[in-house]
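Respectively, the protein sequence lines represent chains A and B.
Residue numbers 1 to 416, in the numbering used here, belong to the letters of the first sequence in order.
Residue numbers 1001 to 1416, in the numbering used here, belong to the letters of the second sequence in order.
See structure below.
Number of protein chains: 2
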Amino acid sequence: MSKNALYAQSGGVTAAINVTAAAVVETVRAHSGAIGALYAARHGIVGALTEDLIDTSLEPAANIAALRHTPGGAFGSCRYKLPDPAQDDRHYRRLLEVFDAHDIGYFFYNGGGDSMDTALKLWRYSQAHGYPLKVIGIPKTVDNDLPVTDCCPGFGSVAKYVAVSIREATRDLAAMATTSTQVFVLEVMGRHAGWIAAAGGLAGEDGPQAILFPEVAFDAGRFLARVRDTVARHGYCSVVASEGVRDADGHFLAEAGTVDAFGHHQLGGAGPAVAQLVTQQLGFKTHWAVADYLQRSARHLASAVDIEQAYAIGRAAVEMALAGDSGVAPVIRRLADQPYRWDIASASLAALANQERLLPAEFIGDDGFGITDACRRYLAPLIVGEAYPPYADGLPQYVRLANAPVVRRLATDFKL
Amino acid sequence: MSKNALYAQSGGVTAAINVTAAAVVETVRAHSGAIGALYAARHGIVGALTEDLIDTSLEPAANIAALRHTPGGAFGSCRYKLPDPAQDDRHYRRLLEVFDAHDIGYFFYNGGGDSMDTALKLWRYSQAHGYPLKVIGIPKTVDNDLPVTDCCPGFGSVAKYVAVSIREATRDLAAMATTSTQVFVLEVMGRHAGWIAAAGGLAGEDGPQAILFPEVAFDAGRFLARVRDTVARHGYCSVVASEGVRDADGHFLAEAGTVDAFGHHQLGGAGPAVAQLVTQQLGFKTHWAVADYLQRSARHLASAVDIEQAYAIGRAAVEMALAGDSGVAPVIRRLADQPYRWDIASASLAALANQERLLPAEFIGDDGFGITDACRRYLAPLIVGEAYPPYADGLPQYVRLANAPVVRRLATDFKL
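This is the structure in structure tokens:
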């Protein structure tokens, strides 16, 4: 009798993570017999710990196919970091208990660097305790900060969203600048790594004249000079600011120490902070936008390349498990920039875990406010192609899965 | 010899105003002989006052056609309010001087309520001073707050952007809520009128469980109870907040009196203010987005109905001028909700000027946090259909006009 498999989504969801989920489900179905039932953990590892499992086999094929164009996390995701099993193995013991109760021999963990680390720890723990488990990590993160893989599924779509949005907003700004707003600031995600901010540079002539990266210490004087000069030359200045912009002392601009009238710490934002600085120091009228969840859920504007890679990586994960691999993850390998060619390779979880890949110095222009040609060559192929969802009555049609629960087999609860 | 015509864009630009510009140019070209040259004022009325005119006849037909899918304001717009000519007629005298120097007999003014008022004043002034001028207003505003017309070109596309974006972000929120963010707030435009916020309600099941309208006095206690109950029931709460949300005393939430560490007034935002309130009072983790210019420049997500109406209204404006009308504007008349049918009628500028149409009470649900079926019937047809721009290398291709200047004929400058 074939072992069952468990798939779980982890961390911040993306416009493409459900595409990977569709690939996992469809590939398992295509190899029926090799793998028994495919379960999904409800809300990621939390569902695995609490024995809250979903039976994906009850989901009609049409629903699974519709995951290819549905943003969010169809089975639920979570932010829940497991302790080091050397300190406290309670979670790992529980996971193997749940896996054993449901005859699970395959675990697919779809997440970022932390999740690759968790998958690695679980794999080692299962080996040390004689539990036969194939563990396959499946990379995803809008932050694009995983090592080894050339890019991370989810990132290409955010990059496209940021490039398109700043191109459009800059057109708006240019039309208004003579008598109204001269400076527009778009805040984008990326607490530590500037990949998403860098994507603004793809907008070209209609793009930002200043990008603020977390990798470059923010110098108010230099930035203000840049804005002043740009407005003098173009009449306006468009800015993309990473949420992670910080000064030379490491202080985030988003936490500039503002307090409200009651003395409460004010929720900030790098975008409004930068806009306020410009208004106060240069007197320009500013507008600012904070894209937040909009950027990572914007399935309506997904990159076709990203969607294709998100699917390929999910399919490869299942194929690797069926080939007997474990403790590994499929990664994207770039074979050529232009025409862009890529394939899927295998990497060890140990190589992927817990290492943040920041924007390299050669991708940031000498002045610290723009991207280099090398960066453009890297980013450009990742946003190519449109992959529109179907619409009805003017709205994209996103599927909602039934997510039927698997009957519990354990008598014990687990306290998170 | 036929008189020349002048077209000017005014106020905040939209994803569709260039569509109207294309219609004006193409319709004038189709009636060559009836109208001489078609000029555009650079940066709206400012260009008319400073004799900074653009000769649209030098622009290739392909560029004009590409305006149909290009956001922003192709000739530049402005925020510049003219004084009442009864108090100070300097601007009106100058305009007629410029018009006379360039033999302008037609003036097309593409803007919102203020612009309709300016057009009306200029028309009356020209009549009182014996200058033969056909003045046609062309409505546009994302705020959808003009009277008489059933809707305003530009609004349908923003409405679609807001409905799609909140549907997508709510999917994201739902996936994260168990262990991370429980409440998401999207701030949208609409300082006085809640039409844009109302559009969030079109997202349906994946839409906001609370909409904050400027027309409904914000009551923190009732709102917090709504959020608490919604999180208890659904696990999360999605919110759309108009930038114009204010309390019973008329104080904007966006100006909640916060100051930074230096005592400077803090640039606010209704979205962050609402999110902060939720975090502080209920302890939920929140995320917030401020769409700002992104929403009104999002040509990539325009409504096909909006684009069609924006074109029809521009064409009708020229046809009305050619028919000898003046002091009027084309407006959209709704003939049926479903299937949606509409046509173009003529309204007097006096009827359109200076009247803000707020969201009527029967469009707001009894609890003040949602829209009614009547509102849904009104809004639904306006977002129907996709009108994608062409893409190359993953980016929408927006045209940049040459905007060749018309040789000046006046020796005098004008001080704005």
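Don't be surprised by glycine CBs; every beta carbon is placed ideally from N, CA and C.
**OP:** Figure out for me which residue from V135/A, P83/A, V24/A has the closest Cα to the Cα of Y311/A.
**Re:** V24/A
Subject >> Enclosing beta strand (DSSP E) for R1334/B [first to last residue] >> reply: 1328 to 1336
**OP:** Taking 8 Å as the threshold, find out whether the segment 321 to 328 of chain A comes into contact with the segment 148 to 159 of chain A through three or more Cβ pairs.
**Re:** no
**OP:** Give the DSSP-derived three-state secondary structure of H287/A in the structure shown.
**Re:** strand
**OP:** Consider the Cβ of P139/A: report whether some Cβ of chain B lies at a distance smaller than 7 Å.
**Re:** no
Subject >> Sub-7 Å separation of L358/A and E215/A beta-carbons >> reply: yes
Original post:
With burial defined as no fewer than 16 other Cβ atoms inside 10 Å of the residue's Cβ, what is the status of K1160/B: buried or exposed?
Top reply: buried
**OP:** Take the Cβ of A84/A as the centre, count every other Cβ of all protein chains shown within 10 Å, and call the residue buried at 16 or more, exposed below.
**Re:** The sequence given here places Asp at residue 84/A; Ala does not occur at that position. Label assigned to D84/A: exposed.
**OP:** Check whether the Cβ of I77/A lies closer than 7 Å to any Cβ atom in chain B.
**Re:** A small correction: the amino acid at residue 77/A is Ser; Ile does not occupy that position in the sequence shown. Taking Cβ atoms only, chain B reaches closer than 7 Å to S77/A, which makes this a yes.
Subject >> V1409/B, buried or exposed, once every other Cβ within 10 Å from all chains shown has been counted against 16 >> reply: A small fix is needed here, since residue 1409/B is Arg in this sequence, not Val. When all chains shown are included, R1409/B counts as exposed.
Original post:
If you run the structure through DSSP and keep just helix, strand and coil, what is A23/A?
Top reply: Helix, per DSSP.
**OP:** Work out the CA separation of N1018/B and A193/A for me, nearest whole Å.
**Re:** Separation of A193/A and N1018/B (C-alpha to C-alpha, rounded to the nearest whole angstrom) is 37 Å.
Original post:
What residue from A1048/B, A1198/B, A1016/B has the CA that sits closest to A1066/B's CA?
Top reply: A1016/B
Original post:
Would a check of beta-carbon distances place L1294/B closer than 7 Å to chain A?
Top reply: yes
Subject >> Rounded C-alpha distance that separates P396/A from V142/A >> reply: Across the structure, P396/A and V142/A are spaced so that their CA atoms are roughly 21 Å apart.
**OP:** Quick one: using the 10 Å Cβ neighbour count with 16 as the cut-off for buried, is E1362/B buried or exposed?
**Re:** exposed
Original post:
Looking at the structure shown, is P1060/B part of a helix, part of a strand, or coil, going by DSSP?
Top reply: coil
**OP:** Could you have a look at C422/A and say whether DSSP puts it in helix, strand or coil?
**Re:** The displayed coordinates of chain A run from 1 to 416. Any statement about residue 422/A would go beyond what the structure contains.
**OP:** Check whether the Cβ atoms of A317/A and I138/A lie closer than 7 Å to each other.
**Re:** yes
**OP:** Kindly say whether R171/A, judged by its beta-carbon, lies nearer than 7 Å to any beta-carbon of chain B.
**Re:** yes
Subject >> One or two residues paired with D89/A in a DSSP bridge >> reply: DSSP output for D89/A lists no bridge partner at all.
Original post:
Which residues bound the beta strand (DSSP E) around G137/A?
Top reply: 134 to 139
Original post:
Any C-beta of chain A sitting closer than 7 Å to the C-beta of G1072/B?
Top reply: yes
**OP:** Give the residues of chain A in contact with K1160/B, contact being defined as C-beta atoms less than 9 Å apart.
**Re:** Neighbours of K1160/B on chain A, chain order: G394, L395.
Subject >> Coil, strand or helix - E1386/B by DSSP >> reply: strand
**OP:** Report the three-state DSSP secondary structure of E215/A (helix, strand or coil).
**Re:** coil
**OP:** Run through the segment 1141 to 1198 of chain B for me and flag every whole beta strand (DSSP E) of 3 or more residues, listed as ranges in chain order.
**Re:** 1183 to 1188
**OP:** Give the residues from the segment 365 to 395 of chain A that approach chain B closer than 7 Å (Cβ to any Cβ), ordered along the chain.
**Re:** A380, I383, V384, G385, E386, Y391, D393, G394, L395
**OP:** Quick one: measure Cβ to Cβ for G111/A and K134/A, integer angstroms, because I've assumed they're closer than 8 Å.
**Re:** Not confirmed; about 17 Å, so no contact.
**OP:** Starting from the Cα of K81/A, find the closest Cα among F284/A, P60/A, T118/A and give me that residue.
**Re:** T118/A
Subject >> Proximal chain B residues relative to Y80/A, where beta-carbon distance stays under 8 Å >> reply: T1179
Subject >> Beta-carbon contacts of N4/A that lie in its chain and below 8 Å, excluding the five residues immediately before and after >> reply: I35, G36, A37, L38, Y39, H102, D103, I104, G105, Y106
Original post:
Excluding five sequence neighbours on each side, which residues of the same chain lie with their C-beta closer than 6 Å to the C-beta of T1056/B?
Top reply: V1025, L1038, A1040
**OP:** Tell me, please, whether the segment 379 to 387 of chain A touches the segment 225 to 241 of chain A by the rule of three or more beta-carbon pairs shorter than 8 Å.
**Re:** no
Subject >> Alpha-carbon to alpha-carbon, M116/A and L349/A >> reply: Straight-line Cα distance between these residues: approximately 6 Å.
Subject >> Beta-carbon separation (whole angstroms), G1271/B vs A1241/B, contact threshold 8 Å >> reply: 6 Å
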